[in-house]
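Numbering of the sequence shown is given in our numbering, commencing with residue 675 and proceeding in unit increments.
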Amino acid sequence: MSTVPLTHILFVSTALFFIGMYGLFTRRNLITMLMSIELILNSVNINFVAFNKYLYPDKLNGVFFSLFIITVAAAEAAVAIAIIINLYRSHRSIDVEGTEEMRF
C-alpha cells in the first residue's frame, strides 16, 4: 500500500484553510463564524501531523501540538457558545451586525 504524497495533504489543508477564511469573512451568523474558525484550526492540525510524519517520522512533536490545539479549540468553542447564548438572550439574534454593544 502506498503512502499519500505530502502535496496532496497540503492541498487538502490549504483548501480547508481558505474555506474557513471565506466563511469567516462572508458570514454574519456567529455559529457559522465559529465553525469557520474550527475549520481553520483543523487545517493547522493537518499541517502539523503531515509535516511531522514526513520530516521526523520517529518523533511525535506534531501530534502533541495538534492535541494542544484541539484542547484550546474546545475551550474556545465553549467560551464562544456561552457568549452566543448570552447575546441571543439579550438581543434575540445572533447576527453580528445587529449588535452594537455587549451588555449583560
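C-beta: ideal position from N, C-alpha, C; glycine also. In this text, all values refer to a predicted model and were calculated from it rather than measured experimentally.
Excluding five sequence neighbours on each side, which residues of the same chain lie with their C-beta closer than 8 angstroms to the C-beta of residue i?
i, result
"Ile720", "Ile683, Val686, Ser687 and Leu690"
"Ala751", "Leu708 and Glu712"
So residue i is in the alpha helix (DSSP H); what residue range does that whole segment cover?
i, result
"Ser835", "This structure does not reach residue 835, given that the chain is present from 675 up to 778, and the question cannot be answered."
Going by the DSSP bridge assignment, what does residue i pair with across the sheet?
i, result
"Asp769", "Asn703"
Identify which residue in the options has its Cα closest to the Cα of residue i.
i, options, result
"Ala747", "Ala724, Ile768, Ile759 and Met709", "Met709"
"Gly694", "Glu712, Phe739, Ser767 and Thr677", "Glu712"
"Ile714", "Leu734, Asp732 and Ile744", "Ile744"
"Tyr762", "Phe692, Leu698 and Asn703", "Asn703"
Excluding the five sequence neighbours on either side, which residues of its own chain have a C-beta within less than 7 angstroms of the C-beta of residue i, listed in chain order?
i, result
"Phe725", "Gly736"
So, for residue i: in the same chain, excluding its five sequence neighbours on each side, which residues have a beta-carbon less than 6 angstroms away from its beta-carbon?
i, result
"Ala754", "Leu708"
Any heavy atom of the ligand HEM closer than 6 angstroms to the beta-carbon of residue i?
i, result
"Gly694", "As presented, the structure is devoid of all ligands, the ligand HEM included, so that no description of it is given."
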